[in-house]
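First up is the structure itself, then whatever we jot down about it.
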Amino acid sequence: MDKKYTLFTPGPTEVPDFIYDAVSKPLIYHREQAFTEIYAALETKMKKLLKTKSSVYFLTASGTGAMETAVCNLVSYHDRVLVASCGKFGQRWNEICIRFGTYVDLLQVPYGQSVPPDDLERRLRTDDTCRLVFTALTETSTGAVQDIKAFGEICRKNNRILIVDAIAGLGVDEFKMDEWKVDVVCGASQKGLFSPPGLAFIALNERAWEIVEKTRSPRYYFDLKLYKQFAEKGQTPWTPAISLFFALDCALNRILKVGIEKTWQRHRSQAEFLRAKIKKLGLEFLPEHPSNALTVIKMPEGVDGSKIVEMAKRKKILFANGQAELKGKIVRIGHMGAINKTDLNRAFKVFKAVFNEV
Numbered sequence: 001m002d003k004k005y006t007l008f009t010p011g012p013t014e015v016p017d018f019i020y021d022a023v024s025k026p027l028i029y030h031r032e033q034a035f036t037e038i039y040a041a042l043e044t045k046m047k048k049l050l051k052t053k054s055s056v057y058f059l060t061a062s063g064t065g066a067m068e069t070a071v072c073n074l075v076s077y078h079d080r081v082l083v084a085s086c087g088k089f090g091q092r093w094n095e096i097c098i099r100f101g102t103y104v105d106l107l108q109v110p111y112g113q114s115v116p117p118d119d120l121e122r123r124l125r126t127d128d129t130c131r132l133v134f135t136a137l138t139e140t141s142t143g144a145v146q147d148i149k150a151f152g153e154i155c156r157k158n159n160r161i162l163i164v165d166a167i168a169g170l171g172v173d174e175f176k177m178d179e180w181k182v183d184v185v186c187g188a189s190q191k192g193l194f195s196p197p198g199l200a201f202i203a204l205n206e207r208a209w210e211i212v213e214k215t216r217s218p219r220y221y222f223d224l225k226l227y228k229q230f231a232e233k234g235q236t237p238w239t240p241a242i243s244l245f246f247a248l249d250c251a252l253n254r255i256l257k258v259g260i261e262k263t264w265q266r267h268r269s270q271a272e273f274l275r276a277k278i279k280k281l282g283l284e285f286l287p288e289h290p291s292n293a294l295t296v297i298k299m300p301e302g303v304d305g306s307k308i309v310e311m312a313k314r315k316k317i318l319f320a321n322g323q324a325e326l327k328g329k330i331v332r333i334g335h336m337g338a339i340n341k342t343d344l345n346r347a348f349k350v351f352k353a354v355f356n357e358v
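In full-length UniProt numbering, the protein residues as written are 1 to 358.
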């Protein structure tokens with residue numbers, strides 16, 4: 001397949017040809033046994049990736065659709081929730097919760113930092129009105145990864161429900177839903193799972209389901225009670241993105257064949273590989289605790305990251321600019337999913353060349 005650009009963005013990411021082959025398979029009817037079989041197989045594989053025994057529900061939506069699903073099924077009007085945010089996508093939890101009429105206690109740290117577990121514990125000890133805690137595993141706006149294992153221990157000890165946006169981290173950064181005491185996890189197809197965007201998923205344990213049964217927020221398309229009802233038949237309530245089921249099933253086959261732990265290790269090795277090269281240019285990185293999904297490079301005084309992104313694009317390489325207040329101040333290079341060290345060598349050569357031209 002001919003491609004104009006190579007994606008080194010935080011998502012969507014590069015899609016291999018064998019995934020495109022899966023997408024191009026003939027459609028099947030979503031109310032027939034053939035779809036039921038692929039649904040069941042995909043859920044089984046997704047449970048292995050998430051390391052959970054909880055049911056997984058598939059949504060034809062972006063990752064934000066999974067986030068909204070979590071909110072509208074778990075919060076009721078005028079509930080109080082806590083959002084632990086370390087960037088733009090932590091703020092997205094805040095924005096969604098506010099839209100559903102909740103009062104948000106925002107625990108926020110400066111861009112580049114991760115929320116310290118001790119700060120979360122202090123906040124929960126001093127405020128027992130926030131039953132739900134929303135946060136992210138991997139914050140792609142800054143490149144930070146968070147200590148979800150510690151968050152899970154703290155939330156369970158204080159009898160809170162932990163909801164994690166793992167959209168960018170799944171298949172990239174270590175994540176163990178059940179062992180880490182995560183109650184709800186949201187994911188999507190287009191980042192570490194190297195599939196096209198458009199398929200999201202959400203997993204909930206029994207603690208979370210107890211709240212879903214009592215929630216009074218209005219919902220229709222994202223009503224998890226309907227998803228649960230149809231899942232018993234191996235179906236979705238609405239017409240799903242059938243071709244993306246083929247794609248994600250193919251991607252999970254590849255990940256599970258290699259091994260989840262080995263896949264985490266590959267991403268860690270690739271991140272270290274690129275950062276060692278960037279460091280030799282005398283540049284620094286934004287996050288204190290970097291994710292293996294992307295490298296976020298701080299631009300020196302007088303260097304506009306926007307120009308680097310634009311110049312790299314002319315060389316058929318797509319990096320990502322900073323967002324909001326970080327625009328022009330950082331360059332983000334994604335290396336999750338199908339990207340390998342050969343790709344990263346090429347990306348680095350382009351980055352070095354355009355950086356020296358600026």
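Glycine included, every Cβ here is placed at the ideal spot set by N, Cα and C. Just so you know, these numbers come straight off a predicted model, no measurement behind them.
Suppose contacts are defined by Cβ-Cβ distances below 7 Å. Is LYS45 in contact with LEU344 by that definition?
Counted from its first residue, the sequence shown places residue 45 at position 45. Counted from its first residue, the sequence shown places residue 344 at position 344. Contact: no.
Specify, as a first and last residue, the run of the beta strand (DSSP E) that ALA136 falls within.
As a position in the sequence shown, residue 136 is number 136, starting the count at 1. Note, ALA136: beta strand (DSSP E), 132-136.
Can you check whether the CB of SER189 is closer than 7 Å to the CB of LEU199?
Position 199 of the sequence shown, counted from the first residue, corresponds to residue 199. Position 189 of the sequence shown, counted from the first residue, corresponds to residue 189. Going by C-beta atoms, LEU199 is nearer than 7 Å to SER189.
Consult DSSP for GLN108 and reduce its assignment to one of helix, strand or coil.
Position 108 of the sequence shown, counting from 1, holds the residue named residue 108. In this structure, GLN108 counts as strand in the three-state DSSP scheme.
Taking only the alpha-carbon atoms, compute the straight-line gap between ASP79 and TYR20 and give it to the nearest angstrom.
Taking the first residue of the sequence shown as position 1, residue 79 is located at position 79. Taking the first residue of the sequence shown as position 1, residue 20 is located at position 20. Cα to Cα, ASP79 sits roughly 43 Å from TYR20.
Between GLY87 and the rest of its own chain, which residues show a CB-CB distance below 7 Å, the 5 nearest in sequence each way excluded?
If you number the sequence shown from 1, residue 87 lands on position 87. Closer than 7 Å at Cβ, skipping near neighbours: TYR111, GLU139, SER141, THR142, ALA144.
Among GLU37, ASP127, THR135, LYS25, which one has its Cα closest to the Cα of ALA70?
The count along the sequence shown starts at 1 and reaches residue 70 at position 70. The option with the nearest alpha carbon to ALA70 is THR135.
Which residues in the same chain as TYR77 place their Cβ atom closer than 8 Å to its Cβ, once the five residues preceding and following it in sequence are excluded?
The residue you call residue 77 lines up with position 77 of the sequence shown. PHE100, GLY101, THR102, ARG216, SER217, listed in sequence order.
Collapsed DSSP secondary structure at ALA203 in the structure displayed:
For the purposes of this step, residue 203 is taken as residue 203 along the sequence shown, with counting starting at 1. The answer is strand: DSSP assigns ALA203 an E or B state.
Please name the residue, chosen from GLN108, PRO12, PHE58, that lies closest to HIS30 on a Cα-to-Cα basis.
Locating residue 30 in the sequence shown gives position 30, where the first residue counts as 1. It is PHE58 whose Cα lies nearest to the Cα of HIS30.
For VAL109, which residues in the same chain have their Cβ closer than 7 Å to its Cβ, ignoring the five residues on either side in sequence?
Here the question's residue 109 lines up with position 109 in the sequence shown. Closer than 7 Å at the Cβ level, and outside the excluded window around VAL109, lie CYS86, VAL115.
Tell me whether VAL358 is buried or exposed, calling it buried when 16 or more other Cβ atoms sit within 10 Å of its Cβ.
Along the sequence shown, read from residue 1 onward, the residue named residue 358 stands at position 358. That one is exposed.
Could you tell me whether the Cβ atoms of THR13 and LYS191 are closer together than 7 Å?
If you number the sequence shown from 1, residue 13 lands on position 13. If you number the sequence shown from 1, residue 191 lands on position 191. Yes, Cβ-Cβ distance for THR13 and LYS191 is below 7 Å.
Counting C-beta neighbours from all protein chains within 10 Å, is the total for ASP173 16 or more, i.e. buried, or is it exposed?
Residue numbering aside, residue 173 sits at position 173 when the sequence shown is read from its first letter. Under this definition ASP173 is a buried residue.
Is DSSP giving SER55 helix, strand or coil here?
On the sequence shown, position 55 is the one that residue 55 refers to. Note: SER55 maps to strand in three-state DSSP.
Can you tell me the Cα-Cα spacing of GLU68 and PHE222, whole angstroms?
In the sequence shown, the residue the question calls residue 68 occupies position 68. In the sequence shown, the residue the question calls residue 222 occupies position 222. Going from the Cα of GLU68 to the Cα of PHE222 covers about 8 Å.
Locate the alpha helix (DSSP H) running through VAL258, then write down its first and last residues.
The count along the sequence shown starts at 1 and reaches residue 258 at position 258. Where VAL258 is concerned, the enclosing alpha helix (DSSP H) stretches over 242-258.
Would you kindly work out how many angstroms separate the C-alpha atoms of LEU82 and MET336, rounded to a whole number?
Here the question's residue 82 lines up with position 82 in the sequence shown. Here the question's residue 336 lines up with position 336 in the sequence shown. Straight-line Cα distance between these residues: approximately 29 Å.
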